[in-house]
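Sequences listed follow chains A and P, in order.
Going by our numbering, the letters in the first sequence line up with residues -14 to 115, in that order.
Going by our numbering, the letters in the second sequence line up with residues -14 to 115, in that order.
Glycine included, every Cβ here is placed at the ideal spot set by N, Cα and C.
This report concerns only the one structure given below.
There are 2 protein chains.
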Amino acid sequence: MSTAKNNKPTESELEILGILWEKGSGTVRDVHEILEKSKDAGYTTTLKLMQIMHEKGLLKRDTSSKTHVYEAAISRESTQQQLLNKMINTVFNGSASQLVLQALGNHHSSQEELDKIKQYLNEIEQQQKK
Amino acid sequence: MSTAKNNKPTESELEILGILWEKGSGTVRDVHEILEKSKDAGYTTTLKLMQIMHEKGLLKRDTSSKTHVYEAAISRESTQQQLLNKMINTVFNGSASQLVLQALGNHHSSQEELDKIKQYLNEIEQQQKK
DNA sequence: CATTTGTTACGAAAATATTCGTAGATCAAT
DNA sequence: ATTGATCTACGAATATTTTCGTAACAAATG
Chain A
-14 MSTAKNNKPT ESELEILGIL WEKGSGTVRD VHEILEKSKD AGYTTTLKLM QIMHEKGLLK
46 RDTSSKTHVY EAAISRESTQ QQLLNKMINT VFNGSASQLV LQALGNHHSS QEELDKIKQY
106 LNEIEQQQKK
Chain P
-14 MSTAKNNKPT ESELEILGIL WEKGSGTVRD VHEILEKSKD AGYTTTLKLM QIMHEKGLLK
46 RDTSSKTHVY EAAISRESTQ QQLLNKMINT VFNGSASQLV LQALGNHHSS QEELDKIKQY
106 LNEIEQQQKK
């Protein structure tokens, strides 16, 4: 369906995707400046990575102006789901709720977030009663 | 602290850890036979991987008999947490509860598991009220 | 005891991922 | 128009991960 999707992003590629999902879109320099804060690599390294990602179909780009503008070509949600599935299977022995417990345990969540989760749990239960 | 821990497991290494966490311990052949079901690699490949993992301190081994017996040297929980943290930061933009919702959404969880999560949520809320 | 089978050790090839140097293009400012 | 800054393209070097062939040895089998 989508023109590309078979390539799973590497570690570095995920970092770039994360940035673009947040920003919506951006130039190589935009991305690089954010990346620099947490990572130590040169500009052309980021450039090359983003070019590769474009080839793979992970990024779209607008080349109408000299400075190209990139955005993610795969959705955050589907990528999240794909990574979660693999993680659940390999490390959590297939148990999604085990992952949930572990995630809740060591991260501080606001009351609002907890409520959202509870509400969601209720919805799931309602569905299952049917 | 621990004799080793600085080396984060690679993709393949995680698969082996997952197997050993389940089994408790096992020989190369034990692990390989399970691995084979989902992966296509030779016996010596698995052997080599486990030897490397032992060097890195990811596995312990008992060499008292000819056929060595391995077990995980790092805990499932700490590894899970480490992976979750990275995933939350790069892909879920720092929101643990976003990860939780996504995980609950697309995986079927039993009523029992859902109850456990709810109970856990309540405990967290109690703590926060203090 | 010779042969087959199963095991570890080891080195190195192959495959992937990451990094960067350099060249050429474009554009803005002198 | 020359200079300087910034950008893309591209190739290649590095680094990392994965894979496997081969040798050596031990144990079991005939």
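Limits of the unbroken alpha helix (DSSP H) element including residue i
i: D15 (chain P); result: 13 to 23
i: L(-3) (chain P); result: Going by the sequence as given, residue -3 (chain P) is Ser instead of Leu. Note, S(-3) (chain P): alpha helix (DSSP H), -4 to 8.
Under 9 Å between C-beta atoms of residue i and residue j
i: V76 (chain P); j: R61 (chain A); result: yes
i: Q87 (chain P); j: Q83 (chain A); result: no
i: T64 (chain P); j: L(-1) (chain P); result: yes
i: E56 (chain P); j: L5 (chain P); result: yes
i: T(-5) (chain P); j: H17 (chain P); result: no
i: S89 (chain A); j: V13 (chain P); result: In the sequence as presented, Ser is not what sits at residue 89 (chain A); that position holds Leu. The answer is no: Cβ separation not under 9 Å.
i: L69 (chain A); j: M72 (chain P); result: yes
i: I59 (chain A); j: G42 (chain A); result: yes
i: S94 (chain A); j: A81 (chain P); result: yes
i: I109 (chain A); j: L99 (chain P); result: yes
i: Q96 (chain P); j: Q113 (chain A); result: yes
i: L34 (chain P); j: S(-3) (chain P); result: yes
i: K8 (chain P); j: K103 (chain A); result: no
Contact test: residue i Cβ vs the ligand FMN heavy atom, cutoff 8 Å
i: T30 (chain P); result: Ligands in the displayed structure: none, and consequently the ligand FMN is not present.
Fill in: Inside the segment 30 to 99 of chain P only - alpha helix (DSSP H) runs reaching at least 4 residues
61 to 75, 81 to 90
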